[in-house]
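Peer 1:
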Amino acid sequence: MAQWLSAKVVENHQWNPTLFSLRVETPPFDFVAGQFVRLALEGPQGRAQRAYSLVNSPGSPYLDFLVTPVPQGKLSPQLHLLKAGDSLEVSQPASGFFVLDEVPDGKSLWLLATGTGLGPYLSMLGTEVPWRRFERIHLVHGVRWQQDLAYKDQIEALVHQHPQLRYQPVITREAVPGALGGRLPALIASGELEAALGDQLNIESQLMLCGNPDMIRDSLATLAQKGLNKNLRRQPGHVTVEQYW
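Every number in our numbering is 1264 more than the matching position in the sequence shown, counting from 1.
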């Protein structure tokens, strides 16, 4: 049974009008990088709750969440309005199996995200696990607009700190120097993603996909054509997935 912890907002950082990061303070609890919790608020239509991945790494003094407010949503518009000092509830324990312990060994780790699917990867990259297990790590973030590239400074600091990490933004609705254009499945199919990162997708690769279910479905089909199949506990493979809605 989940328990609910009382949390206090420390910061509500607005990346742009449709994307924000919520930082909250709770009593400490353990979790594995990549897992999620539920946030809850009492509102005019009663109690609303929803699952959100933890962006912070285990051991951090605060909990961070990357959120896109859904106009007709029951919870995200309320979260969008929170300010420092406001209260909400956070579920414990954390849940989910989108964690590196579920990913088989390989030479390279490809972390592919769209939108707020970036969150769990930042949690993972703040631990020692990926750097110890993989020779090469590629973080790929697909968004619509350049302003949606959240945590860019933090990511660039990680790239500077870890030479084995490459970061590749993908932007679909405007041309930006250094970013690829187009959908992730098409960039995988054409070989453009591999060329940009200077690495090959092969049986020594492990991939994690997080975000838009259309991206995940189409990427799985494209990767299967390359001999890279979905990773299941009963049948280990090369592609571990997490759908965000």
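Positions of the beta carbon are idealized from the N, C-alpha and C atoms, including for glycine.
1. Using a Cβ-Cβ cut-off of 7 Å (strictly less than) and excluding sequence neighbours within five positions of E1468, which residues of its own chain qualify?
2. The beta strand (DSSP E) spanning V1301 covers which residue range?
3. So, for V1363: in the same chain, excluding its five sequence neighbours on each side, which residues have a beta-carbon less than 7 Å away from its beta-carbon?
4. Under a CB-based cut-off of 8 Å, is L1330 close to chain D?
5. Once you ignore the five residues that flank K1490 on each side, which residues in its own chain have a CB closer than 7 Å to its CB?
6. Just grab the DSSP bridge partners of K1494 for me.
7. May I ask which residues mark the beginning and end of the alpha helix (DSSP H) holding M1265?
8. Assign R1437 to one of three DSSP states: helix, strand, or coil.
9. Tell me, to the nearest whole angstrom, how far the beta carbon of R1302 is from that of A1312; I am working on the premise that it is less than 8 Å.
10. State whether the segment 1440–1450 contacts the segment 1343–1362, with contact taken as three or more CB pairs (one from each stretch) at a distance under 8 Å.
11. On the DSSP letters alone, give me the boundaries of the alpha helix (DSSP H) that W1395 sits inside.
Peer 2: Quick answer:
1. Here residue 1468 refers to the residue found at position 204 of the sequence shown. Closer than 7 Å at Cβ, skipping near neighbours: G1370, K1371 and S1372.
2. Within the sequence shown, numbered from 1, the residue matching residue 1301 stands at position 37. Segment F1300 to G1307, the beta strand (DSSP E) holding V1301.
3. Looking up residue 1363 in the sequence shown gives position 99. Cβ neighbours of V1363 beyond the five flanking positions: V1296, A1297, G1298 and Q1299.
4. The chain labelled as chain D is not found in the depicted structure, where only one protein chain is given.
5. The residue labelled residue 1490 in the question sits at position 226 within the sequence shown. Excluding sequence neighbours, K1490 sits near L1465.
6. Within the sequence shown, the letter at position 230 stands for residue 1494. The beta-bridge partner set that DSSP reports for K1494 consists of V1503.
7. Indexing the sequence shown from 1 puts residue 1265 at position 1. Careful: M1265 lies outside any alpha helix (DSSP H) and carries neither H nor E.
8. To locate residue 1437, count along the sequence shown from 1; it is residue 173. Coil.
9. Residue mapping note: residue 1302 aligns to position 38 of the sequence shown, counting from 1. Residue mapping note: residue 1312 aligns to position 48 of the sequence shown, counting from 1. With a Cβ gap of about 10 Å, R1302 and A1312 do not count as contacting.
10. no
11. The count along the sequence shown starts at 1 and reaches residue 1395 at position 131. Counted as a single uninterrupted DSSP element, the alpha helix (DSSP H) harbouring W1395 occupies residues V1393 to R1397.
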